[in-house]
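Visitor: The working numbering puts the first residue of the sequence shown at 55, with every later residue one more than the last.
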Amino acid sequence: MLAAMPQPPSAASRDEPVIRERGDACPGALRLHAADDGFLARVRVPGGLLTVRQASVLALAADRFGDGHLELTSRGNVQLRGLADGCGAGLAELLDGAGLLPAPSHERVRNIVATPLSGLDGSQGPQGPEGPDRPDALAWALEFDRQLCASPWAAALSGRFLFAFDDGRGDVAALGPDVTVLGRPDGRALVRLGRAADAVELAGQDAPRAALTAARYFLDAAAEAGTQAWRVSELPAEHTLGTAEFGRRLDAAGIAATPAGPVDWPYAAPPEPSGARGPDRATLCVLPPLGRLGSAQWRVLAQVADEGSGELRVTPWRSVILPAASAHGAARIEDAGLVLAPGSPWESVTACTGRPGCAKSRADVRADARAVADRARGPLPVHWSGCERRCGHPRGTAWVDLVATGSGYRLAAPGRPVRDGVRPSELAAALADARTDPDVVKK
Numbered sequence: 055m056l057a058a059m060p061q062p063p064s065a066a067s068r069d070e071p072v073i074r075e076r077g078d079a080c081p082g083a084l085r086l087h088a089a090d091d092g093f094l095a096r097v098r099v100p101g102g103l104l105t106v107r108q109a110s111v112l113a114l115a116a117d118r119f120g121d122g123h124l125e126l127t128s129r130g131n132v133q134l135r136g137l138a139d140g141c142g143a144g145l146a147e148l149l150d151g152a153g154l155l156p157a158p159s160h161e162r163v164r165n166i167v168a169t170p171l172s173g174l175d176g177s178q179g180p181q182g183p184e185g186p187d188r189p190d191a192l193a194w195a196l197e198f199d200r201q202l203c204a205s206p207w208a209a210a211l212s213g214r215f216l217f218a219f220d221d222g223r224g225d226v227a228a229l230g231p232d233v234t235v236l237g238r239p240d241g242r243a244l245v246r247l248g249r250a251a252d253a254v255e256l257a258g259q260d261a262p263r264a265a266l267t268a269a270r271y272f273l274d275a276a277a278e279a280g281t282q283a284w285r286v287s288e289l290p291a292e293h294t295l296g297t298a299e300f301g302r303r304l305d306a307a308g309i310a311a312t313p314a315g316p317v318d319w320p321y322a323a324p325p326e327p328s329g330a331r332g333p334d335r336a337t338l339c340v341l342p343p344l345g346r347l348g349s350a351q352w353r354v355l356a357q358v359a360d361e362g363s364g365e366l367r368v369t370p371w372r373s374v375i376l377p378a379a380s381a382h383g384a385a386r387i388e389d390a391g392l393v394l395a396p397g398s399p400w401e402s403v404t405a406c407t408g409r410p411g412c413a414k415s416r417a418d419v420r421a422d423a424r425a426v427a428d429r430a431r432g433p434l435p436v437h438w439s440g441c442e443r444r445c446g447h448p449r450g451t452a453w454v455d456l457v458a459t460g461s462g463y464r465l466a467a468p469g470r471p472v473r474d475g476v477r478p479s480e481l482a483a484a485l486a487d488a489r490t491d492p493d494v495v496k497k
């Protein structure tokens with residue numbers, strides 16, 4: 055189990071505010087991004103929830119317009135790559151027909167994560183009975199998405215602004231959201247702005263509307279600052295969001311809230327890969343290596359979901375939760391090359407696109423990760439990056455940072471000196487050592 059969460063290597067605190075001269079170019083399902091392997095579409099999936107039909111449409115889109123693969127992102131969304139030039143209209147029509155574009159003007163701002171096991175713990179859950187009094191975080195997330203899409207002003211948020219609805223265990227709350235809703239006992243909830251130490255407490259039924267009020271507060275502060283801040287952490291010090299002002303805005307909106315003071319925020323590790331055991335149905339946690347699936351593999355997940363609860367939940371840790379699945383379905387998933395058993399070398403191993411898909415990458419990081427995965431195991435997560443941008447790196451936990459430099463890899467691990475120029479022949483041993491740092495990992 056991980057110790058307290060040291061700051062990731064690329065998340066150092068800012069000494070100066072971010073000042074931008076351009077708008078947000080974050081890709082979406084309608085605004086495609088040009089990459090070396092074709093165009094890229096990012097389909098937002100609020101709360102990670104997909105129906106079987108929606109999942110099937112995503113597989114169809116990957117085959118019809120893209121390279122036949124689907125990628126899971128660190129915000130529980132789905133990416134399609136290798137899209138052909140001029141496919142935008144056809145792709146949008148297909149996604150819209152499946153209910154994946156309920157508000158075209160807002161599709162890039164629907165960055166909403168929720169505790170993926172919310173409502174599934176207990177005898178049928180992959181990690182045992184836990185928290186019967188916890189709220190339904192997914193219901194919060196879906197109601198918030200409805201309110202967000204119905205608010206014209208919310209379209210001004212950046213494609214990077216993140217909302218998290220946590221049922222109280224502390225999993226998605228640890229992802230560095232801009233607005234966090236954390237479930238409390240007796241139908242209560244906390245709402246936090248950015249990484250503030252304090253929060254406000256209110257009735258759980260008011261949580262979605264309170265999160266929307268927080269988003270409006272951020273946009274007002276960002277407009278006043280004039281620096282084109284995309285996230286709460288980017289606001290200048292003199293425009294920092296304050297709990298007192300937030301409380302006043304909630305009161306004006308008719309939401310009763312009280313200051314919570316400094317909060318001891320919980321932390322829960324991501325769900326581990328797990329499969330059905332015995333004749334009873336169970337919740338599966340499926341791990342695709344490096345968060346990438348072929349359309350045939352994705353269709354297997356959709357078929358198993360169709361025989362179970364009828365839903366798939368994409369997690370921010372690039373896994374998929376399938377409630378009420380059968381042991382037979384689990385066997386089909388493993389036969390498709392996806393991971394269901396804990397202890398896989400692919401646990402906590404992530405990578406950016408790398409070569410040949412990204413022009414900025416200095417290495418084929420996915421191939422390098424595959425070459426050493428079995429020999430470089432360890433408790434600490436590791437992320438392979440093709441350049442200094444570190445796209446898709448882990449959040450909310452200590453992690454080992456590998457960055458391709460053109461002359462090998464730069465390796466950074468919590469509590470250790472940075473190593474430059476790590477050669478391919480040295481990677482497995484160096485990475486295995488870095489992932490088992492005794493000062494960071496609790497046995």
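We treat Cβ as the ideally placed atom computed from N, Cα and C, and that holds for glycine. The model shown is predicted, which means the values in this text are computed figures rather than measured ones.
Do VAL245 and ALA264 have their CB atoms nearer than 8 angstroms?
Guide: A contact, by the Cβ cut-off of 8 angstroms.
Visitor: Look at the Cβ atom of ALA275, then the Cβ atom of LEU295, and state whether they are nearer than 8 angstroms.
Guide: Contact flag set, yes.
Visitor: What first and last residue would you give for the beta strand (DSSP E) that runs through ASP232?
Guide: It is not in any beta strand (DSSP E) - ASP232 carries neither H nor E in the DSSP assignment.
Visitor: Measure the beta-carbon distance from GLY348 to HIS123 and round it to whole angstroms, keeping in mind my assumption that it falls under 8 angstroms.
Guide: The Cβ separation is near 6 angstroms, so the contact holds.
Visitor: Quick one: grab the DSSP three-state call for PRO34.
Guide: Residue 34 is absent from the structure shown; the chain starts at 55 and stops at 497.
Visitor: Just the Cα atoms here: how many angstroms apart are ALA322 and ARG223?
Guide: Near 6 angstroms, if we compare the C-alpha coordinates of ARG223 and ALA322.
Visitor: Give the secondary structure of THR267 by DSSP, where H, G and I count as helix, E and B as strand, and everything else as coil.
Guide: Helix, per DSSP.
Visitor: Going by beta carbon distance, what residues of the same chain come within less than 7 angstroms of VAL106, once the five residues before and after it are set aside?
Guide: Same-chain partners within the cutoff: ALA356, ALA359, ASP360 and GLY364.
Visitor: How should PRO320 be labelled, buried or exposed, when 16 other C-beta atoms within 10 angstroms of its C-beta is the threshold for buried?
Guide: Classification of PRO320: exposed, given that the 10 Å Cβ count is below 16.
Visitor: Assign GLY179 to one of two classes, buried (16 or more other C-beta atoms within 10 Å of its C-beta) or exposed (fewer than that).
Guide: With a pLDDT of only 37 at GLY179, under 50, the local geometry of the prediction cannot be trusted, and the value read off the model is given with reservation. When all chains shown are included, GLY179 counts as buried.
Visitor: Below 8 angstroms, can you find three or more Cβ-Cβ pairs linking the region 434-442 to the region 416-426?
Guide: Yes: the two stretches touch, three or more of their Cβ pairs being nearer than 8 angstroms.
Visitor: To which residues does DSSP link THR404 through a beta bridge?
Guide: THR404 is bridged to HIS437.
Visitor: Let me know if GLU161 comes out buried or exposed under the rule of 16 or more other beta-carbons within 10 Å of its beta-carbon.
Guide: Buried, since its Cβ has 16 or more Cβ neighbours within 10 Å.
Visitor: So, for CYS445: in the same chain, excluding its five sequence neighbours on each side, which residues have a beta-carbon less than 6 angstroms away from its beta-carbon?
Guide: Here the set comprises CYS406.
Visitor: Please classify GLU147 as buried or exposed, where buried requires at least 16 other C-beta atoms within 10 Å of its C-beta.
Guide: That one is exposed.
Visitor: Return the CA-CA distance between THR297 and ALA191, expressed in angstroms with no decimal places.
Guide: Taking the straight line from one Cα to the other gives about 23 angstroms.
Visitor: Can you tell me which of GLY258, GLY140 and PRO100 puts its alpha carbon nearest to the alpha carbon of ASN165?
Guide: The shortest C-alpha separation from ASN165 is found at PRO100.
Visitor: Report buried or exposed for THR234, applying the criterion of at least 16 other Cβ atoms within 10 angstroms of its Cβ.
Guide: Buried.
Visitor: Please work out which residues of its chain come closer than 6 angstroms, Cβ to Cβ, to PRO399, disregarding the five sequence neighbours upstream and downstream, and give them in chain order.
Guide: So the list reads ALA427, ASP428 and ARG431, once near-sequence residues are dropped.
Visitor: GLU442 by DSSP, collapsed to three states: which one?
Guide: Reduced to three states, the DSSP call for GLU442 is coil.
Visitor: In the DSSP output, which residue or residues are listed as bridge partners for LEU134?
Guide: In DSSP, LEU134 forms a bridge with ALA95 and LEU124.
Visitor: Going by DSSP, what residue range makes up the beta strand (DSSP E) through GLU361?
Guide: Note, GLU361: premise wrong, no beta strand (DSSP E); alpha helix (DSSP H) at 349-361.
Visitor: Report the CB separation of ASP220 from THR267 in whole angstroms; it is logged as a contact under 8 angstroms.
Guide: Actually they do not touch by this definition, with Cβ atoms about 18 angstroms apart.
Visitor: CB ALA208 to CB ALA269, shorter than 8 angstroms?
Guide: Cβ distance < 8 angstroms, so ALA208 and ALA269 count as in contact.
Visitor: Please classify THR404 as buried or exposed, where buried requires at least 16 other C-beta atoms within 10 Å of its C-beta.
Guide: Label assigned to THR404: buried.
Visitor: Can the beta-carbon of LEU366 be found closer than 8 angstroms to that of ALA109?
Guide: In this structure, ALA109 lies closer than 8 angstroms to LEU366 by Cβ.
Visitor: Please report the residue range of the beta strand (DSSP E) in which VAL106 lies.
Guide: Taken as a continuous stretch (DSSP letters only), VAL106 belongs to no beta strand (DSSP E), being part of the alpha helix (DSSP H) at 106-119.
Visitor: Should LEU376 and THR337 be called a contact, given that it needs their Cβ atoms to be closer than 8 angstroms?
Guide: Cβ distance < 8 angstroms, so LEU376 and THR337 count as in contact.
Visitor: Here's the rule I'm using: 16 or more other beta-carbon atoms within 10 Å means buried, otherwise exposed. How should PRO324 be labelled?
Guide: Per the 10 Å Cβ criterion, buried.
Visitor: With a CB to CB cut of under 7 angstroms and the five nearest residues on each side skipped, what residues in its chain are close to ALA384?
Guide: So the list reads GLY329, ALA330, LEU338 and LEU394, once near-sequence residues are dropped.
Visitor: If LEU112 and VAL132 are in contact, beta carbons under 8 angstroms, what's the gap, nearest whole angstrom?
Guide: At roughly 6 angstroms, the Cβ-Cβ gap stays under 8 angstroms, so LEU112 and VAL132 are in contact.
Visitor: Under a CB-based cut-off of 8 angstroms, is PRO433 close to chain D?
Guide: This model lacks chain D altogether; it includes just one protein chain.
Visitor: CA-CA distance, LEU104 and LEU196?
Guide: About 11 angstroms.
Visitor: Based on DSSP bridge pairs, tell me the residues matched to GLU255.
Guide: Looking at the DSSP assignment, GLU255 forms a beta bridge with LEU244 and THR312.
Visitor: Can you tell which of TRP371, ALA291, LEU247 and ASP90 has its C-alpha closest to the C-alpha of GLY301?
Guide: When each option's Cα is compared against that of GLY301, the closest is LEU247.
Visitor: Are LEU137 and LEU86 closer than 8 angstroms when you measure CB to CB?
Guide: Yes, the pair counts as a contact, with Cβ atoms nearer than the cut-off.
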